[in-house]
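Undergrad: Anchor point for the sequence shown: position 242 equals 229 in the working numbering, and the numbering is continuous, going up by one each time. Backbone N, C-alpha and C define an ideal beta-carbon position, used for all residues, glycine too.
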Amino acid sequence: MPLLRLLNTTTFRLAIAYMVLFAVSGFALIGIVYWSTTSFMSRQTDATVAAEIQGLVEQYQTGGIQRLISVIQARSRVAGDSLYLLAEADGTAIVGNLSAWPDVVPDEDGWITLEFERPLDTGPELHQARARIAPVEGRFRILVGRDIEQRMHIVATIRNSLGWALAITAALGLLGGALLARYTMGRLDEINRTSRRIIQGDLSRRVPVRGSGDELDQTADNLNAMLDQIERLMMGMRQVTDNIAHDLRSPLNRLRNRIEVTLMEARGDEAYRAALESTIDEADELINTFNALLSIARVEAGALREDMSELDLSQLARDVAELYEPLAEERGIELAAQVSEGLRLRGNRELLSQSIANLVDNAIKYSPSGAKVTLRVTPMPDNAVRIEVADQGPGIPAGERENVTKRFVRLEESRSEPGVGLGLSLVAAVVRLHHGALELSDPAEGSGLLVVVELPLA
Ligand SMILES: Nc1ncnc2c1ncn2[C@@H]1O[C@H](COP(=O)(O)OP(=O)(O)O)[C@@H](O)[C@H]1O
Ligand SMILES: [Mg+2]
-12 MPLLRLLNTT TFRLAIAYMV LFAVSGFALI GIVYWSTTSF MSRQTDATVA
38 AEIQGLVEQY QTGGIQRLIS VIQARSRVAG DSLYLLAEAD GTAIVGNLSA
88 WPDVVPDEDG WITLEFERPL DTGPELHQAR ARIAPVEGRF RILVGRDIEQ
138 RMHIVATIRN SLGWALAITA ALGLLGGALL ARYTMGRLDE INRTSRRIIQ
188 GDLSRRVPVR GSGDELDQTA DNLNAMLDQI ERLMMGMRQV TDNIAHDLRS
238 PLNRLRNRIE VTLMEARGDE AYRAALESTI DEADELINTF NALLSIARVE
288 AGALREDMSE LDLSQLARDV AELYEPLAEE RGIELAAQVS EGLRLRGNRE
338 LLSQSIANLV DNAIKYSPSG AKVTLRVTPM PDNAVRIEVA DQGPGIPAGE
388 RENVTKRFVR LEESRSEPGV GLGLSLVAAV VRLHHGALEL SDPAEGSGLL
438 VVVELPLA
C-alpha cells in the first residue's frame, strides 16, 4: 500500500519522466557513437581489401601466374590479420594461408563473411573474417580478407555498455524517484496530519518546520503564520463574546431594574420623563461600548490597514494635548506636552489620535489633583518615534500591566472613575496594527505610570 502510494505521487512520476528522457538521450548518444564507429571501421576494412585485390590483379597482369603465386606466398607468410587464397577456377587451392576455398555464396560485389581457424601462440582459434573474391582472367580466382574478430569485440563491447548504461540509468532513476517521492510524501504527510488534527478541533497544532528553508519549509511557515492569525482572531472573537456576555449584562440589568422600579413607584409624568432620560443615557453608553468593541475587533483583524496615510504625528499629538487641556485644568492637573517637530509617519490618523487620547485620558483620570501629566513625542534612532505618557497617580502593579490591555479589565481601585476598560485594549490593537510596541512601566522617579509606545516611521 505505501509502495502504491509512492508510485502514485507527482514527484515519482516526474522523476520517472526525467529518467526516460535521460535514458533516451543517453541511448541516442551511445547509438550514434556505435553506428559511426562500426561503419567507419568496416568501410576502412573494405577499402583496404579492395585495393589489395586490385594490386594483386595488376601483379598477375604484369608478371603472370608465377608472379602472383610468389607475391601471395610472401604475404601469407607474414603473420597478421590478412587472409589470402589463390585457387583454380573450380576452387582447388593453389597458394595462401587459408586451407580451403570457403563454401559461402558471395554478394554481387564478391563480398563474403567467413569463419576460419587462426593459428595463434595459444593454439588455433575460430575467427570471423570479411573477404572479397575476384576472378582472375576466368582461369583463377583470388580471395583477400581481414580478420574482423577484434572489430566484433569492440562492437560487442559498445553494445554491452549500451545495455548497462540503460540498466543503470533505469535503476538510478527509479531509486532517485522513489527517494524523492518518499521525502516529499513524508513532508506532505506531516502537513496533512496537522491539518486533520486542526479540523478535529486542535487549533494549537503547527506544521513541523525542518529549518532547511526549502519550498516545503516555506509552505509550512506560511501555513503556521496563517494558523497563528486564525487562532488569534478566534481567541479574540471568543473573548469578545465572553466579555459581552459578562460585562454588558450588568448595565443591561441596571437599566431594566430602573425601568421596573419606575413602573412600580412612578408618581407622574415628571418621574417618567426623568427615568426615560437616564435610560437614554445608559443606552448611549452601551452603544459607545459596542462601538469601541467593534473598532477594536476591526483593528485586530487588520481591516483598517487600507486607511493608512502619511500624517504629521507631532501635530496630531499637540491637538490631543490641546483637546485635554480643559479637562486637566478642571481636575487641577498640569498637562505638559513636549513634542518634537515634524515627525511624520504612515498610519491611521483617527486610530492614532484616539490612542494618544486614551492614554492622556487615563493619566488625567487616575491622577490626584495637583499632579503633573506629561505627553512626550521624540524621534528615535533606527527610524522610529517614541510616544510617552507619564503621570503621578497610583500606577499599575507590575503583575497587572499585561492584564489591563485586555478588554473590560479595570483595576479594583479604578471603579469609581467612569470607563468600561476598553481604552488600553484599543491602544494595544492600534500599536500592533502599526507594527509598534507598547510598554507600561514605572516613571524614572516618584509614583505613577509611564506608558511608552514606539512606532516605526517607515
Ligand atoms: N494612568 C493610569 N494610572 C493608573 N491606572 C491606570 C492608568 N491607566 C490605566 N489604568 C488602569 O488600567 C485599567 C484599564 O484602562 P483602560 O483600558 O483605559 O480602561 P478604563 O480607563 O475605561 O478603565 C483602568 O481601569 C485602570 O485600572
Ligand atoms: Mg481609559
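Check whether the segment 66 to 84 and the segment 126 to 143 are in contact - that is, three or more C-beta pairs closer than 8 Å.
TA: These segments touch.
Undergrad: Under 8 Å, do Ala371 and Leu437 count as touching if we go by C-beta distance?
TA: Taking the first residue of the sequence shown as position 1, residue 371 is located at position 384. Taking the first residue of the sequence shown as position 1, residue 437 is located at position 450. No, Cβ-Cβ distance for Ala371 and Leu437 is not below 8 Å.
Undergrad: Buried or exposed: Gln187, going by 16 or more other Cβ atoms within 10 Å of its Cβ?
TA: Counting from one through the sequence shown, the residue named residue 187 turns up at place 200. The residue is exposed, with fewer than 16 neighbouring Cβ atoms inside 10 Å.
Undergrad: Assuming Ala262 and Val227 are in contact, meaning their beta carbons sit under 8 Å apart, how far apart are those beta carbons, in whole angstroms?
TA: Start at 1 with the first residue of the sequence shown, and residue 262 comes out as number 275. Start at 1 with the first residue of the sequence shown, and residue 227 comes out as number 240. Going by Cβ atoms, the distance from Ala262 to Val227 rounds to 31 Å, so no, they are not a contact pair.
Undergrad: Would you say Arg193 and Asn211 are within 8 Å of each other, going by their C-beta atoms?
TA: For the purposes of this step, residue 193 is taken as the residue at position 206 of the sequence shown. For the purposes of this step, residue 211 is taken as the residue at position 224 of the sequence shown. Yes, the pair counts as a contact, with Cβ atoms nearer than the cut-off.
Undergrad: Starting from Gly334, follow the beta strand (DSSP E) in both directions and report where the run begins and ends.
TA: Taking the first residue of the sequence shown as 1, we reach residue 334 at position 347. Element bounds for Gly334: Arg331 to Gly334.
Undergrad: Is there at least one non-hydrogen atom of ligand 1 closer than 7 Å to the beta-carbon of Asp271?
TA: Against the sequence shown, residue 271 aligns to sequence position 284. Not so, every heavy atom of ligand 1 lies at least 7 Å from the Cβ.
Undergrad: Thinking just about the alpha-carbon of each residue, which of Leu291, Glu375, Ser301 and Thr276 is nearest to the one in Leu330?
TA: The count along the sequence shown starts at 1 and reaches residue 330 at position 343. Cα-wise, what sits closest to Leu330 is Ser301.
Undergrad: I'd like to confirm something about Asp268: is its beta-carbon nearer than 7 Å to some heavy atom of ligand 1, or not?
TA: As a position in the sequence shown, residue 268 is number 281, starting the count at 1. Flag unset: Cβ of Asp268 not near ligand 1.
Undergrad: Do Gly223 and Leu420 come within 8 Å of each other at the CB atom, strictly closer than that value?
TA: In the sequence shown, residue 420 corresponds to position 433, counting from 1. In the sequence shown, residue 223 corresponds to position 236, counting from 1. No, Cβ-Cβ distance for Leu420 and Gly223 is not below 8 Å.
Undergrad: In whole angstroms, what is the alpha-carbon distance linking Gln216 and Asn209?
TA: As a first step, residue 216 is located in the sequence shown; it is residue number 229 there, counting from the start. As a first step, residue 209 is located in the sequence shown; it is residue number 222 there, counting from the start. Computed Cα separation, rounded: 11 Å.
Undergrad: Less than 7 Å separating the Cβ of Gly382 from some heavy atom of ligand 1?
TA: Here residue 382 is taken as the residue at index 395 of the sequence shown, counted from 1. Checking the Cβ of Gly382 against ligand 1 gives yes.
Undergrad: Determine the burial state of Gly67: buried for a count of at least 16 other Cβ atoms within 10 Å of its Cβ, exposed for fewer.
TA: Translated into positions along the sequence shown, residue 67 becomes position 80. With fewer than 16 Cβ atoms within 10 Å of its Cβ, Gly67 is classed as exposed.
Undergrad: Distance check for Val7 and Ala447, CA to CA, integer angstroms please.
TA: With the chain covering only -12 through 445, there is no way to say anything about residue 447.
Undergrad: Can you name the start and end residues of the alpha helix (DSSP H) that Tyr170 belongs to?
TA: Position 183 of the sequence shown holds residue 170. That run of the alpha helix (DSSP H) goes Glu136 to Ile186.
Undergrad: Would you mind listing the beta strand (DSSP E) stretches within the segment 311 to 356 that are 3+ residues and don't spill past its ends, in chain order?
TA: 321 to 326 and 331 to 334, all fully within the segment 311 to 356.
Undergrad: At which residue ranges does the segment 61 to 115 contain complete beta strand (DSSP E) runs of 3 or more residues, listed in the order of the chain?
TA: Correct list: 69 to 75, 80 to 83 and 98 to 107.
Undergrad: What are the start and end residues of the beta strand (DSSP E) that includes Thr228?
TA: The count along the sequence shown starts at 1 and reaches residue 228 at position 241. That residue, Thr228, is in no beta strand (DSSP E); its alpha helix (DSSP H) goes Glu202 to Asp234.
Undergrad: Taking 7 Å as the cut-off, is the CB of Leu166 close to at least one heavy atom of ligand 1?
TA: If you number the sequence shown from 1, residue 166 lands on position 179. No, the beta carbon of Leu166 sits no closer than 7 Å to any heavy atom of ligand 1.
Undergrad: Taking Cβ to Cβ, would you say Gly380 is nearer than 8 Å to Ala358?
TA: The residue you call residue 380 lines up with position 393 of the sequence shown. The residue you call residue 358 lines up with position 371 of the sequence shown. Yes; because the gap between Cβ atoms is below 8 Å, this pair is in contact.
Undergrad: For ligand 2, any of its heavy atoms closer than 7 Å to the Cβ of Asp369?
TA: Stepping through the sequence shown from its first residue, residue 369 is reached at position 382. Because no heavy atom of ligand 2 lies under 7 Å away, the Cβ of Asp369 does not count as near it: no.
Undergrad: Measuring only the C-alpha atoms, how far is Val286 from Ser412?
TA: In the sequence shown, residue 286 corresponds to position 299, counting from 1. In the sequence shown, residue 412 corresponds to position 425, counting from 1. Whole-angstrom Cα-Cα distance: 10 Å.
Undergrad: Give the DSSP bridge partners of Asp299, in chain order.
TA: Taking the sequence shown and counting its residues from 1, one reaches residue 299 at position 312. Per DSSP, Arg331.
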